[in-house]
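Okay, structure first, notes after.
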Amino acid sequence: MAKGEIFGLLGPNGAGKTTTLSILTGEQKATSGSTCIDSVALTDDNTLEIFQKLGFCPQFSALWPTIKVEEHLRLFAGLRGYSDRVVSQKVRSFMNMMRIAEYAEFFASDISGGTQRKLSVGIALVNAPKIFLLDEPSTGLDPGARHFLWDVIKSSSESRATILTTHSMEEAESLSTTISIMTNGKLQCIGSPQHLKTKYGYGYTLEIKAPTDRVSEVQAYIHSSFSEASLLEVYDGHLKFRVNGQIRLAQVFRALEQAMTKYGVTDYSFSQPSLEQVFLFFAKQQETSSDS
Numbered sequence: 001m002a003k004g005e006i007f008g009l010l011g012p013n014g015a016g017k018t019t020t021l022s023i024l025t026g027e028q029k030a031t032s033g034s035t036c037i038d039s040v041a042l043t044d045d046n047t048l049e050i051f052q053k054l055g056f057c058p059q060f061s062a063l064w065p066t067i068k069v070e071e072h073l074r075l076f077a078g079l080r081g082y083s084d085r086v087v088s089q090k091v092r093s094f095m096n097m098m099r100i101a102e103y104a105e106f107f108a109s110d111i112s113g114g115t116q117r118k119l120s121v122g123i124a125l126v127n128a129p130k131i132f133l134l135d136e137p138s139t140g141l142d143p144g145a146r147h148f149l150w151d152v153i154k155s156s157s158e159s160r161a162t163i164l165t166t167h168s169m170e171e172a173e174s175l176s177t178t179i180s181i182m183t184n185g186k187l188q189c190i191g192s193p194q195h196l197k198t199k200y201g202y203g204y205t206l207e208i209k210a211p212t213d214r215v216s217e218v219q220a221y222i223h224s225s226f227s228e229a230s231l232l233e234v235y236d237g238h239l240k241f242r243v244n245g246q247i248r249l250a251q252v253f254r255a256l257e258q259a260m261t262k263y264g265v266t267d268y269s270f271s272q273p274s275l276e277q278v279f280l281f282f283a284k285q286q287e288t289s290s291d292s
């Protein structure tokens, strides 16, 4: 991974995402293979040297309930060997950056789950790590706090490599420069979000809004215009189709414009597969292999 890259690691429950991060952080040992961090193989002899390059925000809170917010940051900044003056500067800076300065004197047990999450991210970043590991960082956050955290991750990733696990397709697509989907402990695919949707997506989605008394005509017209179209759902004048196979966009839009004129279609959209559809495709493979 290069500096500035955000690697999104996706997968269903039990795929091995958290285990992978646990191996990178030394919490678990790999049963086979090797681990390289910053081009250095991880061994029992160099763990301290390697781990000084890591910043880790675990999936579940690892905060001490009876230690204050500011003391958490001061402790982890101090572990790097900074002077008291530098530690104080870093603590102030990160409390302001994470918008938790008003909770400086609160015990970790007395702040909300969202504030605890912000503190955990701040702890992972306070020592300026080369590699930033985030295990489902926005779990349990409200939309406002979640988008704020995304902004922090984006801005912080410019000077380091970042590995992110998440169940949120929106989060993965918003943050990740590269995405991989894991099932049964193995990476099944890797590439940019657009690459994965293009390579593994299945067909296109066509949605049409038509007068309720002309739905059957519109349905027949779509089937005659696109032989590979299959109706997914219809309700209250709204029709949704899956259009498979190779298709020219010019042909699609020409047919839809004609439908507006001939059948009173008032609105339509034509979209490529979503990242969620790609994820579900691989997740189904894991379910199938588990059942066999």
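Here UniProt numbering is used: the first residue of the sequence shown is 1, the next is one more, and so on.
For every residue, glycine included, the Cβ atom is placed at its ideal position computed from N, Cα and C.
Bear in mind that the values here come from a model prediction, so they are computed numbers and not experimental data.
The residue among H72, R160, Q272, G185 with its C-alpha nearest the C-alpha of K118 is H72. Look at the region 185 to 255 and you find these whole runs of alpha helix (DSSP H), each 4 residues long or longer: 193 to 200, 215 to 225. Contact between the region 89 to 101 and the region 2 to 17 is absent: fewer than three C-beta pairs spanning the two stretches fall below 8 angstroms. Per DSSP, the continuous alpha helix (DSSP H) segment holding A124 begins and ends at 113 to 125. For F76, the uninterrupted alpha helix (DSSP H) segment begins and ends at 69 to 78. Non-local beta-carbon contacts of R242 in its own chain, meaning distances under 6 angstroms to residues more than five positions away in sequence, involve G203, S230, L232 in chain order. CA-to-CA, the gap between G140 and V218 works out to about 43 angstroms. Looking at T31, L24, A259, G55, the one whose alpha-carbon comes closest to that of A41 is L24.
Here P273 is near K197, since their CB atoms are less than 8 angstroms apart. When the Cα atoms are used, L256 and A104 turn out to be separated by approximately 58 angstroms.
The secondary-structure analysis by DSSP pairs V40 across a beta bridge with I37. Beta-bridge pairing by DSSP links M182 to L187. The DSSP-derived three-state label of I6 is strand.
In the three-state scheme derived from DSSP, where H, G and I count as helix and E and B as strand, I100 is classed as coil. By the CB criterion at 8 angstroms, V265 and I208 fall inside the cutoff.
For G55, the pairing in a beta bridge is given by DSSP as F132. Beta-bridge pairing by DSSP links Y268 to I208.
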